[in-house]
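J.: My questions will all concern the structure given below.
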Amino acid sequence: LGLQGPWYSKALFVVTSADADIRRETFNGYTWQVLLAPEVIAWGIISALLLALVVESVGLLLGWVIHGGRRKPQLERDWR
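Each number in our numbering comes from the position in the sequence shown (counting from 1) with 125 added on.
Take a look at the structure:
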């Protein structure tokens, strides 16, 4: 019954009431290393570039709309 309910109830049960030997065996078999295939890395890079393009485009579009669509010409000053 300890593993029924929301995630925080399950986490609390594992930390406080689970069998210590099983928990130790599980933690000893756990590794922080995440193995990624080259295809996954390529998908991640492409997705990040596309997301950056979309975010940059939305930002430029908002700036274009806010400033009226055209840049104001720079006035030339006479420095004489």
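C-beta: ideal position from N, C-alpha, C; glycine also.
Once DSSP output is grouped into helix, strand and coil, what is the label at PRO131?
T.: Residue state, collapsed to three classes: coil.
J.: So, with DSSP's three-state summary, where would you put TRP157?
T.: Reduced to three states, the DSSP call for TRP157 is coil.
J.: Alpha helix (DSSP H) containing ALA177: first to last residue?
T.: Per DSSP, ALA177 belongs to the alpha helix (DSSP H) from 163 to 191.
J.: Helix, strand or coil, according to DSSP, for LEU200 in the structure here?
T.: Residue state, collapsed to three classes: coil.
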